[in-house]
Amino acid sequence: MAKTQTTAAGPSVLVRTNDGIDADLRLRMYRSQVQIREAEQRANDLFLQNLVKGTSHLSLGQEAVAAGCAAAMQPGDLSFCTYRGHAHTLARGVAVEKVLGELMGRDNGLLRGKGGSMHLTSIEHGVMGSYAIIGAHLPIACGAAWRAQYKGDKDVSVCFFGDGTTNIGAFHEALNFAVIWKLPVVFVCENNLYMEYTPISEVTAVANPAADRASAYGLQPIMADGQDADAVYRTAKAAFDKARAGGGPSLLEFKTYRYSGHSRADPAKYRPAGELEHWKANRDPIKIYRQRALDSGISHAQLDEIEGSVKQEVDQATEKCKAAPPTSVDILCTDVYADGGWAWRN
Amino acid sequence: MAKTQTTAAGPSVLVRTNDGIDADLRLRMYRSQVQIREAEQRANDLFLQNLVKGTSHLSLGQEAVAAGCAAAMQPGDLSFCTYRGHAHTLARGVAVEKVLGELMGRDNGLLRGKGGSMHLTSIEHGVMGSYAIIGAHLPIACGAAWRAQYKGDKDVSVCFFGDGTTNIGAFHEALNFAVIWKLPVVFVCENNLYMEYTPISEVTAVANPAADRASAYGLQPIMADGQDADAVYRTAKAAFDKARAGGGPSLLEFKTYRYSGHSRADPAKYRPAGELEHWKANRDPIKIYRQRALDSGISHAQLDEIEGSVKQEVDQATEKCKAAPPTSVDILCTDVYADGGWAWRN
Amino acid sequence: MAELTYRDAVARGIAQEMSRDSDVVFLGEDIAKAGGVFKATVGLLEQFGPLRVRDTPISEQAILGAAMGAAMTGLKPIAEIMFSDFIAVCFDYLANEFSKSRYMTNGQVKCPLVVRTGNGGGARFGAQHSQSVENWCMMIPGLKVVAPSTPLDVIGLLAASVRDPDPVIFFEHKSLYAVKGEVPDGEIVDTLGTAKIVRPGKDATILALAMMVPRALAAAERLKAEHGVDCEVIDVRSLVPLDTQTMLASVARTGRVFTVEENPRLCGWGAELVSIIADEAFYDLDGPPVRITTPHIPLPAADALEDLAIPSVQRITNTIQRSLSA
Amino acid sequence: MAELTYRDAVARGIAQEMSRDSDVVFLGEDIAKAGGVFKATVGLLEQFGPLRVRDTPISEQAILGAAMGAAMTGLKPIAEIMFSDFIAVCFDYLANEFSKSRYMTNGQVKCPLVVRTGNGGGARFGAQHSQSVENWCMMIPGLKVVAPSTPLDVIGLLAASVRDPDPVIFFEHKSLYAVKGEVPDGEIVDTLGTAKIVRPGKDATILALAMMVPRALAAAERLKAEHGVDCEVIDVRSLVPLDTQTMLASVARTGRVFTVEENPRLCGWGAELVSIIADEAFYDLDGPPVRITTPHIPLPAADALEDLAIPSVQRITNTIQRSLSA
Ligand SMILES: Cc1ncc(C[n+]2csc(CCOP(=O)(O)OP(=O)(O)O)c2C)c(N)n1
Ligand SMILES: Cc1ncc(C[n+]2csc(CCOP(=O)(O)OP(=O)(O)O)c2C)c(N)n1
Ligand SMILES: [Mg+2]
Ligand SMILES: [Mg+2]
């Protein structure tokens, strides 16, 4: 069970304990993080080869949040992601090939190229979409949770967003709305210290952009280490359990860090010297988790095997995507409306 | 000087003291409240006579907030009001005739009938507009304060809005923005317990819609009795002084009550039995303030004289408006653009 | 058969659909306990209970976002945006979210929802509470856009909108709420994308929407009586889908077309229709297509000014008469 | 004379105006320290300092609201909305606030501000980051709307916009940022409301805007070379005020008109222009006015699809050729 420790001044801090996470779960979360790392790195390589067009926003460095949250979800739970959504999409079980294919504008892509990197969606996996207008999906997640409440469904809607998103109006409206309707929705803020290129501290009135706002909605402030998949898992699970039990929404803030620039166009020169290196050396979620796994009795071999199989999976997906035809131009005008077409007139 | 008393749990509560308010100021605030009361009641009568078209939102019962805040402003300070803005407009010195004329769509109206009841504006009095889209003017007030900061002007921008407005996105964006830029703007929430017809408590995650959100912007929670013009004056003055001195924004919440329905269309049947009567009997700002004035040594005669002169002023204004011609149709297409016209083409 | 106001037709239309399908839910500001600020939703809370008819905070983005999320996952929400002018504070949902999600996701996401909103002028509410903003929605791919002019059409088109699998923006005209009309008993369901010839005629075609329909009809009567000109009046009813066939066929018969638009001129629905007709019926036209619109200005509050701004029967009559006799 | 990119022209235009007038201030997301996500504002922070060039939170309503309040009280703010699609989250300011405040207040409130925004497709950014939304603004009374197609016009029209006493929405085309053009030294100031004949011709008039201008020009060359058809190409440049005289005069000479619009079809600027031309130049027209637009769909991300959606040189050429020879 997750325990939280509340201090008088600040938000509650999650205490790391080892309970509730068995070897199976740990291996799953390890695999998930490694898969995200590999797939994102591959996306970057493919971009450098000019095989990924458009933009893309990677989650390198933020793998533990996606892996930990997804592991804490149950089948049927719903994820609402941002343009930085590859990680969350993969974590819910969508195939690497589908994701890379979409980035590459191939016919085998998750959305056959219609959505692109910023809009990954797989309803069958509970990935209810990736939204590229900051804040828009927080109210949308409320609506999905309202449906669950109304129908007596037991799923939880989980909504991921960044620190910068806490300063837009829709954040405020969604939080208030979720609380007064006591909806089974969990808002997950991935605080990676930057909005696009601007440090979040320069544009935010409080130190912890999500947690320090929780009380404005009658919620408890909840923060945890976003580089530690176990901490993420436990924090998330407690919130999901609460929502599922009818206890209403939570707002979680995970401190994390992105290794690459904001998007493919960004060399991230605005970072203070040494910051990236510090995070990579000391706060890398995969390094941390590999050690955690070893400490808990899992063998090097087991972990190496996971790494190997993930590499193979990503390699194979890459080959399939390279071989896949470009998106068929026949679909340009399909699926605007439910009848499958786009006819706005007779 | 205003003193605030901070409790561990709740917002700070303003302690009533008698300092800083001399007889002159008290008579001004009394006059202001009486004038608002009379003018609003007249607006209502004129509506019942079908001489006011469109809608109107009265501040009967809320006079002390307008009077107290205006008294605490200096010439040059700027007011940003809502559709419920007659009171604040009058309190800054705009003539009753101009206001009633506008409501009646007469050519002598403040805006010659172009704006109507919801958009009273008088730049020369520092009344920078009345805004009828909930929340829109909070960011606008930030902008005016930004100009003061940039130019080194010493005026403060004061932005009035209701309890219901705290749940819209623009509120959140404006508060964060004002704080990080440390702008000389003061946000004044008039909590009259209702949004349009819905009790604010049913749609708000916290008990004090403004004060309980202050900490989300790193601000102190500040509440005061909105039925006591002295309390309003002191609370407002402290905030204006702070802003003027470069201390940044404040968020004030005044508890108050409106006697009439939300707008002229609303009989306010949703109020619990006795609520209106309770406020009128025990919390009427003019009754309270009349007693305060008497207690402080002002005579009945002085107060009666004010009442008489205000009644005369409102009567005369009414007659002038009734005699005034309707808005000239020649102005239909003027002042869309700065050249005075509306030409969108050559 | 009963006589019903346009206002009561809204409540009846919603009730009809909520009775039929428990997935239909309804949310908005002051719509439940208070029965709506226009009293168009009175009785629904009592009939369908607080789980299906819900008051919200003043949070238009939350309202439309919640409607979208609910629609994506199986409900059929009706969301009220009190005044259509307020679409501006939640425009992202119409412009970028539920309009585009089906396409962007290659057909995965569905959004069967209805946004009802009070549209149009005539109530002396001024520039921020009086606009006709159908074109704000018509211009967005992925939306459907409807604007009924009679109580009967309110019920039928509302039912069709609720049952439609796509997001529909339903414009109710504030100045028509008090208008009465005959409505048959029993279930009423109409068809989106169908215009209605409300007055046949042979000399010119008048295309009108919502409050402009009764005015166009009155103008047509006056043109007939005073000038012997016989106009066909078409109630456009549905901007998306657009029944271009009915309109093109009419123009082919009459040779002339006039639009009567309450919106300020630029990029109004009439511009789109004229551009279609000018292209596809060019050789049918015996004279220029003419648009009669509110001038391209914000709406004034004073009655004298507002009446002058919005196309009146007189202005419609004069414009058409002058143009036909030019 | 120097060769400058469209991107660098933006920075130069802003710098020109900020140097000249200390009331010009500039705010937006990532515009200061980072020099803008499109690198169109590099160097401005260094040149004008942190009091005049300010990074903001992700709060588009605060950005435009603050710009308005500052403009009302004496500054001349330039506000950046990073992608024009995001206008949807702050649309109230354009639709209801700074567009209407002067009129509503009988001329008291002035809003001399510029909203700059990255508009248009071609970058494979998908449906929420690629739109051409000039018509979202053109349809609002009280705004002015500009969309330059060359580096020179960027500077001149930006300067004119900053100096204009009314709110101007300035659409920069994302896919033109890298395009180069000759720009004279010294101060450059252009005039709003003036279209430009960028290629004279006698057989047909092509009206185009922003990225569609180079494509229309290329199509005109191809029509000439391959079909002997001589098209006049007009860069509309300014949608409000609209230089109808230049366009009507051209149509009077050529007898035919085509619009090339990047926006999805319904209620695009071309619809408005066609409705004006069909009315006022009806008897000049020798054939139907035809609109060439992006189909009325959200924009897809994949390159193959996006290229097919937005009017291409080929599609423009073919449509005009077919129509003229019909
Ligand atoms: C309404 C809106 N404004 C601005 C943007 C441009 N933008 C895209 S991502 C981003 C930064 C978001 O920061 P954060 O929420 O911290 O998420 P992160 O990218 O760090 O994951 C911005 C400003 C947008 N997409 N939508
Ligand atoms: C964006 C927007 N949504 C809804 C409305 C309709 N409306 C006008 S006043 C009002 C209630 C406002 O309540 P509050 O902020 O408490 O102010 P009060 O009227 O009590 O002074 C509402 C919902 C509006 N004008 N703008
Ligand atoms: Mg971030
Ligand atoms: Mg209130």
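Residue numbers (our numbering), protein chains in the order written: chain Z, 1 to 346; chain D, 1 to 346; chain B, 1 to 326; chain F, 1 to 326. Heads up, the beta-carbon is just placed ideally off N, CA and C, and yes, glycines get one too. Nothing here was measured: the structure is a model prediction, and the numbers come from that model.
At a Cβ-Cβ threshold of 8 Å, Thr82/Z and Ala265/Z do not count as neighbours. When 8 Å is used as the limit between beta carbons, Ile140/D is near these residues of chain F: Gly65, Ala66, Met68, Gly69, Met72 and Glu97, in chain order.
For Leu308/B, the closest Cβ of chain D is nearer than 8 Å. CA-to-CA, the gap between Tyr150/Z and Ile58/B works out to about 22 Å. Close CB contacts of Val99/D within its chain, under the 7 Å cut and outside five residues either way in sequence, are with Ala39, His86, Thr89, Leu90, Leu110 and Leu120 (chain order).
For the region 284-308 of chain F, no residue has a beta-carbon sitting nearer than 8 Å to a beta-carbon of chain D. Interface annotation, Met73/Z: not in contact with chain B, CB-CB separation never under 8 Å.
Scanning the region 78-119 of chain D from its first residue to its last, the whole alpha helix (DSSP H) runs of 4-plus residues come out as 86-91 and 96-103. Leu219/Z places its beta carbon 8 Å or farther from that of Ala170/Z. Within the region 104-131 of chain D, Gly105, Gly113, Lys114, Gly115, Gly116, Met118 and His119 place their CB atoms closer than 7 Å to a CB of chain B, listed in sequence order.
In terms of side-chain proximity, the C-beta atom of Met118/Z is found no nearer than 7 Å to any non-hydrogen atom of ligand 3. In this structure, Gly61/D has its CB at a distance of at least 7 Å from all heavy atoms of ligand 4. Taking a Cβ-Cβ threshold of 9 Å, none of the residues of chain D is close to Glu253/Z; the smallest such distance is about 13 Å. At a cut-off of 3 residues, the continuous stretches assigned as beta strand (DSSP E) that sit fully inside the region 199-274 of chain Z are 222-225 and 250-255.
At a cut-off of 8 Å, the C-beta of Leu303/D has no neighbouring C-beta in chain B.
Placement of the Cβ of Gly69/B at a distance of 7 Å or more from every heavy atom of ligand 1 is found. Distance between Ala195/B and Met118/D, taken at the CA atoms: about 37 Å. In this structure, Arg253/B is the residue among Arg253/B, Pro241/B, Ser132/B and His173/B with its C-alpha nearest to the C-alpha of Val233/B. Rounded to whole angstroms, Arg215/F and Glu262/F show a C-alpha spacing of 11 Å. Relative to ligand 4, Gly156/F has its C-beta separated by 7 Å or more from all heavy atoms. For Phe125/B, there is no enclosing alpha helix (DSSP H), as DSSP gives it neither H nor E.
Taken from the Cβ of Asn192/Z, at least one heavy atom of ligand 1 lies inside 7 Å. If one requires a minimum length of 3 residues, the beta strand (DSSP E) runs lying completely within the region 82-160 of chain B are 114-119 and 144-146, in chain order. Note that the C-beta distance between Asp284/F and Gly255/F is below 8 Å.
Remark: C-beta atoms of Arg37/D and Thr318/D do not approach each other more closely than 8 Å. By the rule that beta-carbons nearer than 8 Å mark a contact, Lys110/F touches chain D. Of the residues Tyr337/D, Ile180/D and Gly76/D, the one whose Cα lies closest to the Cα of Val168/F is Tyr337/D. Taking 9 Å as the Cβ-Cβ cut-off, the region 180-206 of chain D approaches chain Z at Ile180, Glu202, Val203, Thr204, Ala205 and Val206, given in chain order. One finds Thr166, Asn167, Val203, Thr204, Ala205 and Val206 in chain Z with Cβ atoms closer than 9 Å to the Cβ of Asn176/D, taken in chain order. Lys180/F and Pro112/F have their alpha carbons spaced roughly 30 Å apart.
Nearest to Glu173/D by C-alpha distance, out of Cys142/D, Arg28/D and Leu294/D, is Cys142/D. Under the 8 Å Cβ criterion, the region 198-205 of chain Z does not count as touching the region 254-264 of chain Z, having fewer than three qualifying pairs.
In this structure the region 204-218 of chain Z touches the region 212-226 of chain D; the number of beta carbon pairs closer than 8 Å is three or more. Contact check for Val24/F against Glu172/F fails: the beta carbons are separated by 8 Å or more. As DSSP reads the structure, Val53/B sits in a beta bridge with Phe26/B. Burial is judged here by how many other beta carbons sit within 10 angstroms of a residue's own beta carbon; Ser32/Z has at least 16 and is buried.
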